[in-house]
Each structure stands twice: as structure tokens, then as C-alpha cells.
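Chains as they are written, first to last, in our numbering: chain A, 945 to 1043; chain B, 8 to 304.
The C-beta atom is built at its ideal place from N, Cα and C for all residues, glycine as well.
A short worksheet on the structure shown next.
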């Protein structure tokens, strides 16, 4: 068994912070759900470095991320796999550059 | 090298892997994305074999998100840790020999300027401190002297991390490493000042603990390199294996190093400021450009 990051959606959903998505060294691993307004982890890509835990505890000060064993995830494992993720297209806004 | 290469053949969409379909439907190609939207779109970087918690990976990921036109970009790299992640991105990657990255990039950029005279094609060199400051030093300096129009990004982990921890020119004085047991005898090479002297139009020193700043630096560097001249970014990307940093303390280390010896420094030449202000709508430089012209009158 190994550790993966797990984000508490009730604490994360109460804020509009997206720091962990920006600080994760793995691409497409911490995703952001715009309807629930919470970040979530695709556990099959998580390498368990716990950088997001440090960022959430020390920079954002929300304490929403904990490392848990992969077989003790609160939600079902299958729900957190990359192939079950979806993206919200309409939120790709134009950046100020190149106007 | 255009938006067409991220389309799949009609009728075959459902047979493509989900990652590929996501890249076509929700990828950043042809749209303008920023670091603050990360997690809501498919990134061009994919899963890679780099160590868990590596700050270099974080920097590469942020820079790939920040590229102004990823579909018109070619990245040139060389041996080292960085290429493990860069080669997993949906951007053409040229693997130069050790030492000749900037020579390859010079030829590539000149060829692209001849082939596509009416379009901007960006070339970005992304290599480690060994590949640029030690082995590739002469090619790097000569590409700057010749004012070749491309961006050079140094992923400075202050050690040869891929081969077991030998000292590099960018290692700090006195550092004791696995393959440098007596400690380093001479100072870290001052690359930003060398770049400035050699005639770079934009020079920056960044640490990846501020993603927005990394984004701004990469955008400015790539845009300035299109028309003004060579640009250089030096990023501190710690090696948590060779320097024995626990993975969850990588950002704390980055913060300490930023306060110690890696303060954010930025140099933009006047010509580049004017270019950014006039062509790309950077307000802070537009004002300064007006002021300087008034003084000149």
C-alpha cells in the first residue's frame, strides 16, 4: 500500500483557493471541479510527494489535504481515476495577453 | 507546428486514448490559458518518469502552461533530468547533443524565420546547469553574441543530479556532494550578469514558489525573443535527491534559497520594454516608454 493525497471537499469548497493545483509537480493530477468549487486528486497519477499538503497547510492555511493510504480513500477508488475525470470547457477565458 | 497536428482523423476519434481526446477537446492549443486556470483544462505535459516532488518538474510544468503559443513552439533540450518531462509534452522536442543546444536552436530559428516569414515560431532552449553553464557554455555565449532570437531557460539544480551528484559550475562554493566530497572550491558562475553583458534583451532569475511570476517571466521572455533579441531565464529547481530535501519540504527550501541567494531579479532592455508596451499591451512599459521619449525630446 502507498500514500496518496486526499482533499476534503467541504473545507476546500468553502474557499476559492487553487494553490495546490498550481504547485503540484505532476501534470493533470490535482484537478479543479468548477461546479463543486473544490480541487480533487486523480489518484492514479499521484506520486505521493505531499508538496500540496505543505502548500495547503503553510501557504493557504486551510489544512484541507491529508495523505491517506490508497485503500482507505473516503470515496470509491474508481471515482478518482483519470479516465473518469472531466473538464469544463467554458471556463477557458482569454488571458490579457495577445488582445 | 500548427493547430492541425492536434486533430485526429475523422471517424477514428473513439479509438483514440482518452488522454489524446482530452488534449484535442480541452487542451490549451489555440486558446489563451493562464496558471490560475490550471486544473480546469488538459495540460500539454503528460505523465513523466521524474522523481516525486521534484521542483524542476514543477517549473517545467508551469513554463509549458505559460508558453504564449504552444502550437507554434519547439523546445530544444539535452541530456539531464529536464528532458524526461519535456519530452512527454505535446510539443515538438529536439534532443540536442550535450553542448550544442544553442547551436541547434540557432539553426532551427533561422530556418523557421526563412520558412515562415509572416508567422512567429518560437524556439525555447530548456536545459540544465551542466548543459548550459559547463558543457554548452561556448555555444550558449556565442548564440548571445550573435543575437539569435530565441529563449534560453536554465533549470539550475546546482548539481549533476542525473549522474550521481558531481559538482557543476553553478554549485555553490563549499557545497559537499556525493561525488564532490572535498567541497566546491570556486564561486557559482554569475550567469545573469554574463547574459546581460553578452547582450540579452531580457534576463530573469526566478524560483518556482511563485507560479504567477514564473508565468510572467516565460511570457515576456518568449515574446521579446520573437523580434528584439536573445532572452535568458535562470530558475532555481532544487534536486531533492542529491541535496536530501524531504519532498514535502521542497517549497520551504525554495523559499529559503530565494531569501538567501536567489532573489527575483529582472533586467529588460529599453528596446524590449518599448516592444512589450507597444505590441503586446504591457501597461507598465507603455508608460515608461512615453516618459523616456519625452525626456529624449
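Residue burial classification, residue i (beta-carbon count within 10 angstroms, cutoff 16)
i	result
residue 153/B	exposed
residue 63/B	buried
residue 960/A	exposed
residue 236/B	buried
residue 197/B	exposed
residue 243/B	buried
residue 48/B	buried
residue 32/B	exposed
residue 979/A	exposed
residue 282/B	buried
residue 189/B	exposed
residue 976/A	buried
residue 969/A	buried
residue 174/B	buried
residue 288/B	exposed
residue 103/B	buried
residue 55/B	buried
Cβ pair residue i, residue j closer than 7 Å
i	j	result
residue 342/B	residue 269/B	In the structure as shown, chain B begins at 8 and stops at 304. Residue 342/B is therefore absent and cannot be evaluated.
residue 181/B	residue 249/B	no
residue 50/B	residue 113/B	no
residue 158/B	residue 228/B	yes
residue 1024/A	residue 25/B	no
residue 140/B	residue 177/B	yes
residue 204/B	residue 59/B	no
residue 973/A	residue 989/A	yes
residue 257/B	residue 995/A	yes
residue 1014/A	residue 946/A	yes
residue 951/A	residue 984/A	yes
residue 93/B	residue 131/B	no
residue 987/A	residue 963/A	no
Rounded C-alpha distance that separates residue i from residue j
i	j	result
residue 20/B	residue 144/B	46 Å
residue 202/B	residue 148/B	8 Å
residue 109/B	residue 967/A	30 Å
residue 284/B	residue 290/B	6 Å
residue 45/B	residue 278/B	32 Å
residue 982/A	residue 96/B	26 Å
residue 1029/A	residue 193/B	51 Å
residue 238/B	residue 259/B	29 Å
residue 191/B	residue 267/B	18 Å
residue 195/B	residue 166/B	11 Å
residue 88/B	residue 57/B	7 Å
residue 90/B	residue 84/B	6 Å
residue 105/B	residue 142/B	7 Å
residue 126/B	residue 40/B	21 Å
residue 53/B	residue 1002/A	28 Å
residue 247/B	residue 172/B	11 Å
residue 72/B	residue 222/B	8 Å
residue 1019/A	residue 231/B	48 Å
residue 199/B	residue 241/B	7 Å
residue 128/B	residue 118/B	10 Å
residue 98/B	residue 1012/A	35 Å
residue 122/B	residue 116/B	10 Å
residue 111/B	residue 120/B	14 Å
residue 220/B	residue 264/B	16 Å
residue 74/B	residue 1017/A	36 Å
residue 991/A	residue 997/A	13 Å
residue 271/B	residue 225/B	14 Å
residue 276/B	residue 151/B	14 Å
residue 252/B	residue 993/A	11 Å
residue 262/B	residue 957/A	27 Å
residue 1021/A	residue 1031/A	19 Å
residue 107/B	residue 170/B	19 Å
**Request:** Check distances from the C-beta atoms of the region 1010–1026 of chain A to those of chain B and list, in chain order, the residues that come in under 8 Å.
**Result:** The residues in question are 1026.
**Message:** Check whether the region 156–167 of chain B and the region 58–78 of chain B touch, using three or more Cβ-Cβ pairs below 8 Å as the test.
**Reply:** Counting Cβ pairs under 8 Å, three or more are found: they touch.
**Message:** Check whether the region 29–48 of chain B and the region 69–89 of chain B are in contact - that is, three or more C-beta pairs closer than 8 Å.
**Reply:** At 8 Å Cβ cutoff, the stretches touch.
**Prompt:** Is the region 209–227 of chain B touching the region 176–196 of chain B in the sense that three or more CB pairs, one from each, lie closer than 8 Å?
**Reply:** Output reads no: the region 209–227 of chain B does not touch the region 176–196 of chain B.
**Asked** Looking at chain A, which residues of the region 266–285 of chain B have a Cβ within less than 8 Å of any of its Cβ atoms?
**Response** The region 266–285 of chain B vs chain A, Cβ under 8 Å: nothing.
**Item:** Contact residues within the region 958–982 of chain A, judged by C-beta distance below 8 Å to chain B
**Value:** Residues passing the 8 Å Cβ filter: 962, 965, 966, 967, 968, 969, 970, 971, 972, 974, 975, 976, 978.
**Message:** Measuring CB atoms only, is the region 132–141 of chain B touching the region 213–224 of chain B, in the sense that at least three cross pairs come out at less than 8 Å?
**Reply:** With the cut-off at 8 Å, the region 132–141 of chain B and the region 213–224 of chain B do not touch.
**Request:** With 7 Å as the C-beta to C-beta threshold (strictly closer), list the residues of the region 93–112 of chain B near chain A in chain order.
**Result:** Contacts with chain A (Cβ-Cβ distance below 7 Å) from the region 93–112 of chain B involve no residue at all.
**Message:** By the 7 Å beta-carbon criterion, what residues does the region 188–210 of chain B contribute toward chain A?
**Reply:** If you check each beta-carbon in the region 188–210 of chain B against every beta-carbon of chain A, none falls closer than 7 Å.
**Request:** Identify each residue in the region 987–1008 of chain A for which the Cβ-Cβ distance to at least one residue of chain B is less than 8 Å, and report them in chain order.
**Result:** Of all residues in the region 987–1008 of chain A, 989, 991, 992, 993, 994, 995, 997, 998, 999, 1002, 1003 have a Cβ within less than 8 Å of some Cβ in chain B.
**Request:** Using a Cβ-Cβ cut-off of less than 7 Å, give me the residues of the region 37–56 of chain B that come near chain A, in sequence order.
**Result:** Under the 7 Å Cβ criterion, the region 37–56 of chain B contributes 38, 39, 40, 41, 42, 43, 44, 45, 46, 47, 48, 49, 50, 52, 53, 54.
**Contact set between the region 69–89 of chain B and chain A, restricted to residues whose Cβ is under 7 Å from the partner** = Flagged, chain order: 75.
**Contact residues within the region 159–186 of chain B, judged by C-beta distance below 7 Å to chain A** = The residues in question: there are none.
**Prompt:** What residues from the region 130–164 of chain B come within 9 Å of chain A, judged by C-beta to C-beta, listed N to C?
**Reply:** When C-beta distances to chain A are compared with 9 Å, every residue of the region 130–164 of chain B stays at or above that value.
**Request:** Can you give me, in chain order, the residues of the region 231–264 of chain B that have a beta carbon less than 8 Å from any beta carbon in chain A?
**Result:** 254, 255, 256, 257, 258, 259: these are the residues of the region 231–264 of chain B whose beta carbon lies less than 8 Å from some beta carbon of chain A, given in chain order.
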